[in-house]
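In the working numbering, the protein residues as written are 15 to 328.
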């Protein structure tokens, strides 16, 4: 899918075709769209394909006629009513007076710009364009990291009474998301540091503060990811022990019930055998059945008392 946008009179307007100074937004483009933009901008199609490779690393690529900033942005997908977080490549390509963004799927970052929700956004200000996108990407990482932290707290509340592995698997998925985030953020940090050192983008005085803000936001996201990852690792170890302990308690209760129920079972089994009963107590009494019941209950209660005395319930 390809959309063309141009800022006119401080308003973002969608175009029907490519124009000078426009922004070309490519989201999950097909081969025909890739070839079209490649021809319109006189650009190697492989440059556009770079962001569609999920294994592509963050980098800055400059060559004759174009410059590309490729970073990883956070994404979320639904699986069995659960949100799974990961990262995907996102590229910003500068070709003369045109800016091209390429991503394999839609993102809140792209939608925010397309819907005009970003202040002072102008398709003709290339340096600010790149920095604003990088800032929004760092901010989205922070938002998703807070979501991960919130979900881990919800899972923690369930784990206190759990005897199953389902909650631990949820924590494992969250920790996996944090690993993706940490790796991507560190790669993005390398790109930001290179932007700071090189002359890839013109550093206007008003953009210098924005670049510093981008670096600060990215560093904050890295710190948060590291902290949450450490917390999750410790939590998983602790609650693996909790689940094991909860299971032990269940097994202990079942063992106690088995012991207590074994007493009347043995008594009734003895009286139920098809043998000469002359030697069995109470066999000739009309009160034999209630007496045996009372004795069985009394012995069971005595067993419970003994078990409680030796603290098997605790």
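Cβ coordinates follow ideal geometry from the N, Cα and C atoms, glycine included.
Have a look at residue i and residue j and give me their C-alpha separation to the nearest angstrom.
{"i": "residue 190", "j": "residue 209", "result": "29 Å"}
{"i": "residue 83", "j": "residue 151", "result": "13 Å"}
{"i": "residue 99", "j": "residue 322", "result": "49 Å"}
{"i": "residue 140", "j": "residue 170", "result": "45 Å"}
{"i": "residue 249", "j": "residue 157", "result": "22 Å"}
{"i": "residue 255", "j": "residue 103", "result": "38 Å"}
{"i": "residue 19", "j": "residue 39", "result": "8 Å"}
{"i": "residue 78", "j": "residue 164", "result": "47 Å"}
{"i": "residue 272", "j": "residue 257", "result": "23 Å"}
{"i": "residue 265", "j": "residue 274", "result": "14 Å"}
{"i": "residue 200", "j": "residue 69", "result": "15 Å"}
{"i": "residue 136", "j": "residue 59", "result": "26 Å"}
{"i": "residue 232", "j": "residue 159", "result": "12 Å"}
{"i": "residue 182", "j": "residue 253", "result": "8 Å"}
{"i": "residue 270", "j": "residue 245", "result": "37 Å"}
{"i": "residue 107", "j": "residue 144", "result": "9 Å"}
{"i": "residue 76", "j": "residue 111", "result": "16 Å"}
{"i": "residue 51", "j": "residue 25", "result": "24 Å"}
{"i": "residue 130", "j": "residue 21", "result": "10 Å"}
{"i": "residue 7", "j": "residue 97", "result": "Since the first residue of the chain shown is 15 and the last is 328, residue 7 is not available in this structure."}
{"i": "residue 186", "j": "residue 167", "result": "14 Å"}
{"i": "residue 234", "j": "residue 42", "result": "30 Å"}
{"i": "residue 46", "j": "residue 247", "result": "46 Å"}
{"i": "residue 285", "j": "residue 307", "result": "12 Å"}
{"i": "residue 30", "j": "residue 155", "result": "32 Å"}
Mind checking residue i: buried by the 16 CB within 10 Å criterion, or exposed?
{"i": "residue 312", "result": "exposed"}
{"i": "residue 142", "result": "buried"}
{"i": "residue 299", "result": "exposed"}
{"i": "residue 23", "result": "exposed"}
{"i": "residue 34", "result": "exposed"}
{"i": "residue 295", "result": "exposed"}
{"i": "residue 304", "result": "exposed"}
{"i": "residue 222", "result": "exposed"}
{"i": "residue 276", "result": "exposed"}
{"i": "residue 236", "result": "buried"}
{"i": "residue 162", "result": "buried"}
Between residue i and residue j, how many whole angstroms is the CB-CB distance? I'm expecting something under 8 Å.
{"i": "residue 105", "j": "residue 64", "result": "6 Å"}
{"i": "residue 74", "j": "residue 214", "result": "6 Å"}
{"i": "residue 49", "j": "residue 32", "result": "Wrong, their Cβ atoms sit about 14 Å apart, outside the cutoff."}
{"i": "residue 62", "j": "residue 80", "result": "With 8 Å as the limit, residue 62 and residue 80 do not qualify as a contact, their Cβ atoms being about 10 Å apart."}
> Should the stretch 192-208 be called in touch with the stretch 74-92, which here means at least 3 C-beta pairs below 8 Å?
Replying inline: yes
>> Between the stretch 234-241 and the stretch 108-126, can you find at least three pairs of beta-carbon atoms closer than 8 Å?
In response: no
> With a cut-off of 8 Å, do at least 3 Cβ pairs link the stretch 109-116 to the stretch 217-236?
Replying inline: no
>> Just to confirm the assignment: which complete alpha helix (DSSP H) runs, minimum length 4, are found wholly within the stretch 138-211?
In response: 140-173, 180-211
> Which ranges would you report for the beta strand (DSSP E) in the stretch 37-99 if only whole runs of at least 3 residues count?
Replying inline: 37-41, 73-77, 80-93
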